[in-house]
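In mature numbering (1 follows the signal peptide of the UniProt record, and there is no 0), the protein residues as written are -27 to -1, 1 to 236. Beta carbons are placed, not taken as given, at the ideal position from N, Cα and C, and that holds for glycine. On a predicted model such as this, the values are computed, not experimentally measured, just so you know. The block underneath contains the structure these notes are about, expressed in structure tokens.
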């Protein structure tokens, strides 16, 4: 009971702290940790609903206004850090390199640990597609109900759509669907186009959708698929991440989540 009360009190303090300072991963937005990225002691992922922090007591804690999550590693190391490795594991290491805690292994590849809009953390991967790789196939999909537009500016989750004129953004890059039905990945500096779907003029009122088989598609208002990112993969939840290095990449399926654990 004392430990639970202490956790709730710390939650309030950390949620105030995130308003004053941000501690993003070494090379990405503050809500994403990619393979090879490191969070040092007292660093965090954060969004408007949650903070995911590796504390100075070596405990990894998610404060999200709900049940949250913790690795229960307090006192298990000194100067601890959190990293995401090529097996899709979140790994806590003490300052001497000792592994204190890790999530289950996945296949070898590149992964993304994401602080999601709902305040939970999920590990997605391996990476299944990245710009500028292209796979085109014309086909028709059935009209279905879609969820709302993405709620975090650099993420698109399975079932979410980007409507014409909509976009994802991250620092110096924009991933946008133009009114001409073309998707472009643009760098603001110099307004240079890094990648495009080459679907300009092929439809009206187009939208971009990420499905539950890891495919990103450009679809027109007749439900004709004008472009697809890759072949269908196993069913699950996937995420498209617009990274600060100017790459848009799809990771999945979801392999681990804090939502599956009780504190």
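Endpoints, the beta strand (DSSP E) within which residue i is located
i, result
"residue 160", "156 to 160"
"residue 7", "5 to 7"
"residue 136", "134 to 136"
"residue 75", "72 to 75"
"residue 85", "85 to 88"
"residue 165", "165 to 169"
"residue 261", "Past the boundaries of the shown model lies residue 261; the chain is included only from -27 to 236, so the question cannot be answered."
"residue 129", "128 to 130"
Where residue i sits in the DSSP three-state scheme
i, result
"residue -7", "Bear in mind that a pLDDT of 39 at residue -7, under 50, signals an unreliable position, so the model cannot answer this."
"residue 142", "strand"
"residue 180", "strand"
"residue 103", "strand"
"residue 172", "coil"
"residue 122", "Low confidence applies here, because residue 122 scores a pLDDT of 46, under 50, leaving its location unreliable and the question unanswered by this model."
"residue 230", "strand"
"residue 189", "strand"
"residue 50", "coil"
"residue 152", "coil"
"residue 117", "Because the pLDDT of residue 117 is 37, which lies under 50, any placement of that residue in the model is unreliable, and the number read from its coordinates should be weighed accordingly. If DSSP states are grouped into helix, strand and coil, residue 117 belongs with coil."
"residue 199", "strand"
Rounded Cβ spacing between residue i and residue j (contact assumed at less than 8 Å)
i, j, result
"residue 200", "residue 207", "Not quite, the Cβ-Cβ distance comes to about 22 Å (not below 8 Å), so this is no contact."
"residue 172", "residue 156", "7 Å"
"residue 219", "residue 101", "No, residue 219 and residue 101 are not in contact; Cβ-Cβ is about 19 Å, not under 8 Å."
"residue 197", "residue 174", "Incorrect: roughly 13 Å between the Cβ atoms, too far for contact."
Counterpart residues of residue i in DSSP-defined beta bridges
i, result
"residue 17", "26"
"residue 57", "63"
"residue 95", "87, 230"
"residue 237", "In the structure as shown, the chain starts at -27 and stops at 236, and residue 237 therefore has no counterpart that could be examined."
"residue 12", "55"
Exercise for review: Please list the segments of the beta strand (DSSP E) lying wholly inside the region 202 to 226, counting only runs of 3 or more residues, in order along the chain.
Suggested key: 212 to 215, 221 to 224
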